[in-house]
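J.: Numbering (our numbering), first residue to last: 17 to 126.
We put the beta carbon where it would ideally sit given N, CA and C, even for glycine.
Take this structure first; my questions come after.
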Amino acid sequence: EAILHVQVLSVGLFGRYLTMYCVEGLSVFIATLPVICIVIKTGQDYWMGLLIAEIYSFITIFVGNLGTVSKLYPIIAALTLSGYYESNYIEKLLSLLSMIACLLFSAFFD
């Protein structure tokens, strides 16, 4: 994309979008990490993990319109932290708490 539109991209804009892309990738991984840990720990088939992850991501469509409370849902939180959604300080803090909860759940899941 950058190669096709190099004349309209500035270095600052490119850096901002690159940062957004990297933060989004890492945050979505953290948001789905509990699903990965549950499937591995319970010994379920990987198709079950795929099904759970699809349902988990499909719920995002319905949760996304709930306002500030939606920032607690991990996938919405990942998109909020990356800058995809416009948000205020409280919403970013809620999103960060959601990501920390996902990490803690994944770290201590037995």
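(1) To test your reading of the DSSP string, which unbroken alpha helix (DSSP H) runs of 4 or more residues are found completely within the segment 54 to 118?
(2) Return the Cβ separation of Ala-93 and Ala-47 in integer angstroms, given the expectation that the two are a contact with Cβ distance under 8 Å.
(3) Mind checking whether Val-55 and Gly-65 have CB atoms under 8 Å apart?
(4) At the level of alpha carbons, what is the spacing between Pro-90 and Leu-120?
(5) Pick out whichever of Val-27, Val-44, Leu-29, Ile-19 has its Cα sitting closest to the Cα of Leu-118.
(6) Under three-state DSSP, which class holds Phe-125?
(7) So what does DSSP say about Leu-20, is it helix, strand or coil?
T.: Let's see:
(1) Listed in chain order, they are 62 to 79, 90 to 98.
(2) Ala-93 to Ala-47, Cβ: 7 Å. Contact.
(3) Result yes, Cβ atoms of Val-55 and Gly-65 sit closer than 8 Å.
(4) Roughly 13 Å separates the two Cα atoms.
(5) Note that residue 118 is Cys in the sequence shown, not Leu. The shortest C-alpha to C-alpha distance from Cys-118 to any of Val-27, Val-44, Leu-29, Ile-19 is the one to Val-44.
(6) Looking at Phe-125 - three-state DSSP - the assignment turns out to be coil, as it is neither helix nor strand.
(7) If DSSP states are grouped into helix, strand and coil, Leu-20 belongs with coil.
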